[in-house]
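Remarks on the structure that follows.
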Amino acid sequence: MAPETGTYLAPYGQRVQQVTWTATVTNRLLLEAGVGTYLSRWGGSEMPGNPTRDIVRVVENCARLCADNGGISGLTYRSENWAANWQGNHNWRASASFVTGAESMKFGYIGGFLVDNQKNFGNNQYLQFRTQNGVPDQLTEIINRFPIMNRVRYDAFYAQDQRTMGRWTLQGALRFDHAWSWFPEATIGPVRFLPTPTPFPKTQGVDSYKDLSPRGGVAWDVLGTGRTAVKINVGRYLEAAQNSNTYVANRPTSKLSTTTTRTWTDTNDNFVPDCDLLNAAAN
3 MAPETGTYLA PYGQRVQQVT WTATVTNRLL LEAGVGTYLS RWGGSEMPGN PTRDIVRVVE
63 NCARLCADNG GISGLTYRSE NWAANWQGNH NWRASASFVT GAESMKFGYI GGFLVDNQKN
123 FGNNQYLQFR TQNGVPDQLT EIINRFPIMN RVRYDAFYAQ DQRTMGRWTL QGALRFDHAW
183 SWFPEATIGP VRFLPTPTPF PKTQGVDSYK DLSPRGGVAW DVLGTGRTAV KINVGRYLEA
243 AQNSNTYVAN RPTSKLSTTT TRTWTDTNDN FVPDCDLLNA AAN
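So the mapping is simple: our numbering equals the position in the sequence shown, first residue as 1, plus 2.
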């Protein structure tokens, strides 16, 4: 890629924030709580003073060592693409632990709210040209300058117990998970190749997952010394609630084709498509 197509990374980064609280109520009862966030900006921002906004992006498609692209296969030049992406993962938890000499129990809650916002940007022509040895042969029309917004919420309640009897240690737990996702209201357009705005109302993604997951285990201290043990664990484990996979599969804007390619013969060699690009028919 040519230097002018690069993005600017300086204002981007990650931030982790955590607050925890612990209280030893008695020598057997422990209370805990916490709140945490993970914030991240990513994708590469627009270069300061970007002079390429009104210039069409070009990809040279000729083979490696082609003279017209300086010997660089797939050279991209003339204008940059950039993004404004932000994600925030917010979670909170609380638990109570009760411990005796031979038995320990824990009851708790975990909750979370996940935010994912993405938006792509590019030149004001909403075009990309492809050339072969410097000769245009294809153009791409683009309409993907709209926000992508995903939201996920989840809650989980659990109880677990562990008891030691001689050389045997038994474990058991039960967890209830409730997770759901949605997509805020969004509008595509107006842009050059989609002059009429197309609105999408708030849409449900995963309507409501409700799962009950058991877990159990047993450990046997073979020699009674605590140094050699045989352990067996069984459980049910779920896909994590996250802004990907099943949770975002129903986002309405993801079902749209945001680009289309058209063959192009530049008969007068002026590097300007002399046709009506809003007309889907060849012209």
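Where a beta carbon is used, it is the ideal one built from N, C-alpha and C, also for glycine.
Bear in mind the structure is a predicted one, so any value in this text is a computation, not a measurement.
Cross-strand partners of residue i (DSSP beta bridge)
i           : result
residue 153 : 117, 184
residue 138 : 133
residue 59  : 130
residue 264 : 141
residue 179 : 158, 213
As assigned by DSSP and simplified to three states, the class of residue i
i           : result
residue 249 : helix
residue 108 : strand
residue 192 : coil
residue 99  : strand
residue 6   : helix
residue 201 : strand
residue 301 : Residue 301 cannot be examined here, being either before or after the span of the chain that is shown, 3 to 285.
residue 47  : strand
Candidates the options: closest to residue i by CA position
i           : options            : result
residue 167 : 17, 252, 221       : 221
residue 73  : 113, 3, 101        : 3
residue 117 : 110, 156, 131, 107 : 156
residue 216 : 237, 263, 53, 254  : 237
residue 174 : 234, 25, 83, 46    : 234
residue 161 : 136, 153, 179, 147 : 179
residue 213 : 45, 85, 232, 243   : 243
residue 158 : 97, 10, 101        : 97
residue 19  : 92, 148, 171       : 92
residue 203 : 272, 223, 105, 255 : 255
residue 194 : 52, 230, 225, 281  : 281
Residue i, enclosing beta strand (DSSP E) - first and last residue
i           : result
residue 231 : 231-237
residue 215 : 211-223
CB-CB length for residue i against residue j, believed under 8 Å
i           : j           : result
residue 210 : residue 182 : 5 Å
residue 111 : residue 95  : 7 Å
residue 63  : residue 142 : About 12 Å; that fails the 8 Å criterion.
Neighbour flag for residue i against chain D, beta carbons, 8 Å
i           : result
residue 214 : The structure shown contains no chain D; it is built from a single protein chain.
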